Amino acid sequence: MNTHFAQTLLQSNAGFAALILRVPVGLILAAHGAQKLFGWFGGYGLEGTGQWMASIGLEPGYLMALLAGGAEFFGGLALVVGLLTRPAAIVSALTMLVAIFAVHIDNGLFMANNGYEYALTLFVVSAALAIQGGGRFAVDNLLRARV
147 MNTHFAQTLL QSNAGFAALI LRVPVGLILA AHGAQKLFGW FGGYGLEGTG QWMASIGLEP
207 GYLMALLAGG AEFFGGLALV VGLLTRPAAI VSALTMLVAI FAVHIDNGLF MANNGYEYAL
267 TLFVVSAALA IQGGGRFAVD NLLRARV
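First residue of the sequence shown: 147, per the working numbering; consecutive thereafter.
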């Protein structure tokens, strides 16, 4: 890997604020991914989620469930510890954009109507982390020291 690219990817001057954003959002994303992948926390697992995704036009449903669940679960775990924060945040943000426009946009803003406010919030936090990096307490700092 190009050393300059790696240094830039892993660098962050975000301080403590990134930790406050990363941990709860990462846990929430990981939990949602676990619903899709494993059927945990009341989820439907890959089969059920895949069938639902196919029913709303996200084809092939099983693959879309695997991609969305993987992005949320593994991206969320990466955000919790601050591992490759920027790539994890970008993948999470893109996943939330798909959720907003494929599922929630026609229902308006509010969550009470299955609207997009929650997915938008997760998108915005993910976008902020993609810009600022993992902050002071992130595994990225250990990796950066080794590059």
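C-beta: ideal position from N, C-alpha, C; glycine also.
These numbers come from a predicted model, not from an experiment.
List the endpoints of the continuous alpha helix (DSSP H) containing residue i.
i, result
"Tyr190", "Here Tyr190 belongs to no alpha helix (DSSP H), and DSSP marks it neither H nor E."
"Phe219", "Gly207 to Val227"
"Gln278", "Glu263 to Gln278"
"Val285", "Val285 to Arg292"
To the nearest angstrom, how far is the alpha carbon of residue i from that of residue j?
i, j, result
"Leu167", "Val271", "7 angstroms"
"Leu204", "Gly221", "21 angstroms"
"Leu268", "Leu243", "9 angstroms"
"Asn148", "Val293", "9 angstroms"
"Phe162", "Ala274", "14 angstroms"
"Thr195", "Gln157", "36 angstroms"
"Gly185", "Leu289", "33 angstroms"
"Thr231", "Ala258", "31 angstroms"
"Ala177", "Ile251", "22 angstroms"
"Phe247", "Tyr208", "19 angstroms"
"Leu175", "Glu193", "19 angstroms"
"Ala217", "Tyr264", "17 angstroms"
"Val171", "Val226", "8 angstroms"
"Leu266", "Leu255", "9 angstroms"
"Leu173", "His150", "31 angstroms"
Using the three-state DSSP reduction, which class does residue i fall into: helix, strand or coil?
i, result
"Gln181", "helix"
"Ser238", "helix"
"Asn159", "coil"
"Ile166", "helix"
"Ile202", "coil"
"Arg232", "helix"
Quick one: measure Cβ to Cβ for residue i and residue j, integer angstroms, because I've assumed they're closer than 8 angstroms.
i, j, result
"Gly228", "Gly281", "7 angstroms"
Counting only beta-carbon separations shorter than 8 angstroms, does residue i have a partner in chain D?
i, result
"Phe219", "Included in the structure is just one protein chain, with no chain D present."
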